[in-house]
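1 is the number of the first residue of the sequence shown in my numbering; add one for each residue after it.
Glycine residues also receive a C-beta, built at the ideal position from the N, C-alpha and C atoms.
Note that the structure is predicted; figures quoted are calculated from it, not measured.
Just below is one structure, and these are the notes that go with it.
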Amino acid sequence: ELYSSFCQGEIVVTDIRTAEMTKVVENTFRAVNIAFANELAKICRHDNMDVYEIIKICNMHPRVNILQPGPGVGGHCISVDPWFLVGDYPSLAKVIDESMKTNDGMPDFVLNRIYEIMKVNKITVGLYGLTYKENVDDMRESPTLQMLESMERHLCGDLVKVYDPFITKDIVPNQYHDLDKFISDVELVVLLVGHDEIKQNMDKLKGKVILDTRKICDLEGTYRL
């Protein structure tokens, strides 16, 4: 009765266990589908195939809808809820367990791509995006934050710069608050979040080495997952 006073969509009434399970399953479904795309990216990278072209062609089938791979899964729903099922049903939730491990392993996969591009050259790396998804200021479970923890152990801190237009306070070392200054001070730009800001200023990345983990950059020579 309360929800019907302001909700325009259909309201489904069920018991509390079904309602809670439905919410968890909803987020788990998305996590598993993201993991499938991420695993495809790893397979295609291993044999030097274009995962984006393959997904595009597969999705021409009316019953296929593969999502896009990315640098990892963040937020406090998709990256968390599936673990409830794994924790409560460890002997049953095998696909879910492996899917979450795949998603959790993507920040390290991106790091390896960065190291491959850098090779032996000590070039300055710029991480674009601190939030877990585009056009929000929410950093919970952000793949970028996970990457920074590993990068601090393997790279000199001064070689890594970070920028996000939605994070106005200093959260991490070497954080910038001006896009132009950030771009000018780095040689390799890693696109980790598809904020509208960078999509509208993609020309500013010309001449930079670019690793695009979100498939938002069409500049020639751009590296992808």
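Specify the secondary structure class of G87 as computed by DSSP and reduced to three states.
It is helical.
With a CB to CB cut of under 8 angstroms and the five nearest residues on each side skipped, what residues in its chain are close to M118?
The beta carbon of M118 is closer than 8 angstroms to those of V125, L188 in its chain, skipping five residues each way along the sequence.
Pull the bridge partners of I210 from the DSSP assignment, please.
Bridge pairing for I210: V189 [DSSP].
Here's a check: name, in chain order, each residue in its chain whose Cβ is nearer than 6 angstroms to the Cβ of G194, leaving out the five neighbours to either side.
For G194, same chain residues with a beta-carbon under 6 angstroms away, outside a window of 5 residues either side, are E134, R214, I216 in chain order.
Classify A93: buried if its beta carbon has 16 or more other beta carbons within 10 angstroms, exposed otherwise.
A93 should be labelled buried.
Taking buried to mean at least 16 other C-beta atoms within 10 Å of its own C-beta, is K101 buried or exposed?
Flag for K101 reads exposed.
Based on Cα-Cα distance, which residue from Y89, P82, H177 lies nearest to N27?
Out of Y89, P82, H177, P82 has the C-alpha closest to the C-alpha of N27.
From D104 to F166, what does the alpha carbon distance come to, in whole angstroms?
The C-alpha of F166 is placed about 24 angstroms away from the C-alpha of D104.
Any contact between the stretch 72–92 and the stretch 45–56? By contact I mean 3 or more CB pairs, one from each, below 8 angstroms.
Too few Cβ pairs lie closer than 8 angstroms, so no.
What is the DSSP secondary structure of K169, reduced to helix, strand or coil?
Three-state result, K169: coil.
Within 10 angstroms of the Cβ of K161, are there 16 or more other Cβ atoms? Answer buried if so, exposed if not.
The residue in question, K161, is buried, as its Cβ has 16 or more Cβ neighbours within 10 Å.
When the distance is taken between beta carbons, is R30 closer than 8 angstroms to I78?
Yes, these two residues count as a Cβ contact at 8 angstroms.
Grouping DSSP H, G and I as helix and E and B as strand, with all else coil, what is V125?
DSSP places V125 in strand when its eight states are reduced to three.
Along the chain, where does the alpha helix (DSSP H) that runs through V25 open and close?
Per DSSP, V25 belongs to the alpha helix (DSSP H) from 16–46.
Are the CB atoms of Y223 and L211 within a distance shorter than 8 angstroms?
With a cutoff of 8 angstroms on beta-carbon distance, L211 and Y223 are scored as near each other.
Whole-angstrom Cβ separation of L179 and N201, contact assumed at under 8 angstroms?
The pair is a contact, with the Cβ atoms about 7 angstroms apart (cut-off 8 angstroms).
Are there 16 or more other CB atoms within 10 angstroms of the CB of I57, so buried, or fewer, so exposed?
Flag for I57 reads exposed.
Quick check: the Cα distance between R113 and M106, rounded to an integer number of angstroms?
Near 11 angstroms, if we compare the C-alpha coordinates of M106 and R113.
Starting from K204, trace the beta strand (DSSP E) in both directions and tell me its first and last residue.
K204 -> no beta strand (DSSP E), and no H or E assigned at all.
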